[in-house]
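The structure under discussion appears below in the form of structure tokens.
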Amino acid sequence: GAGVSQSPSNKVTEKGKDVELRCDPISGHTALYWYRQSLGQGLEFLIYFQGNSAPDKSGLPSDRFSAERTGGSVSTLTIQRTQQEDSAVYLCASRTGTSGNGATDTQYFGPGTRLTVL
Amino acid sequence: LAKTTQPISMDSYEGQEVNITCSHNNIATNDYITWYQQFPSQGPRFIIQGYKTKVTNEVASLFIPADRKSSTLSLPRVSLSDTAVYYCLVSGGYQKVTFGIGTKLQVIP
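Chains A and B, in that order, are what the protein sequence lines are. For the first sequence, my numbering begins at 248 and goes up steadily by one. For the second sequence, my numbering begins at 42 and goes up steadily by one.
Shown next, in the form of structure tokens:
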């Protein structure tokens, strides 16, 4: 079956512009995560959705970052007034979200969107 | 959230067994230990998961001592294609999941 998909795969933008990154999770997965990975670094948690709700937004680095999820499926991460330090790979992951023990519910990652802010 | 500590990098020759140890001293009762593998320009992918003792699958083995304060990922007879970053995660549910910097494994011919 189809895995997690993200678009665009690459995005080059100018400083100060807004960008939207899209994530299509695996069908039926209710839990969705956004991460950011800078070159040579680990994954930085940004936000987590359960259905359309975001119980944990603690990782969003500033108010320029926002995310939404509609219909319990597609999610969009928006970065306003992009800065050069926003350059990174943005990864999305989904989980079934319905396991009684969430600890054993594997995350499935998309290929990521590489964002470059000039 | 339980914090994990693992070596930043490791080198190994092809055909050798590689063991990567992760420390998680404040692991909670409900937490499971999960390892992911990440190749360049790809998202991480699941390798193995366990709660205690030993777990083995077609890719790796995971050893977890009785106190669960550490875990060891064992990759048998590594090949060049095993060169990747390996992440150890400790998680008890659907809350925020913290990935560390991972261990960069370089397999040498």
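Glycine included, C-beta positions come from ideal geometry on N, C-alpha and C.
Exercise. Helix, strand or coil: which one does DSSP assign to A/T351?
Worked result: helix
Problem set entry | Between the CA atoms of B/Y77 and A/P272 - distance to the nearest angstrom | 19 angstroms
For this session: Please go through the same chain and pick out, in chain order, the residues whose beta-carbon is closer than 6 angstroms to the beta-carbon of B/S53, but skip the five residues on each side of it.
Result: V59, V119, V148
Problem set entry | the stretch 265 to 289 of chain A: positions lying closer than 8 angstroms to chain B by Cβ | A278, Y280, Y282, Q288, G289
Problem set entry | Nearest-angstrom Cα separation, counted from A/W281 out to A/G263 | 22 angstroms
Problem set entry | Beta-carbon spacing of A/Y337, A/T360 below 9 angstroms | yes
For this session: Using three-state DSSP, classify A/Q331 as helix, strand or coil.
Result: helix
For this session: Mark A/A278 as exposed unless 16 or more other C-beta atoms lie within 10 angstroms of its C-beta, in which case mark it buried.
Result: buried
Exercise. If you run the structure through DSSP and keep just helix, strand and coil, what is A/D265?
Worked result: coil
Problem set entry | Where the stretch 66 to 78 of chain B meets chain A: residues whose CB sits under 7 angstroms from a CB there | N71, D72, Y73
For this session: For B/I142, return the contacting residues in chain A, with the cut-off set at a CB-CB distance below 8 angstroms.
Result: Q288, G289
For this session: Indicate whether at least one CB of chain A lies closer than 9 angstroms to the CB of B/V100.
Result: no
For this session: List in chain order: all unbroken alpha helix (DSSP H) runs of 4+ residues lying wholly within the stretch 50 to 138 of chain B.
Result: none
For this session: Evaluate the contact criterion for the stretch 44 to 51 of chain B versus the stretch 128 to 135 of chain B: three or more CB pairs, one atom per stretch, below 8 angstroms.
Result: yes
Exercise. Counting contacts by CB-CB distance shorter than 9 angstroms, is B/R109 in contact with chain A?
Worked result: no
For this session: Could you run through the stretch 301 to 312 of chain A and flag, in chain order, every residue whose CB is less than 8 angstroms away from some CB of chain B?
Result: P302, D303, S305, G306
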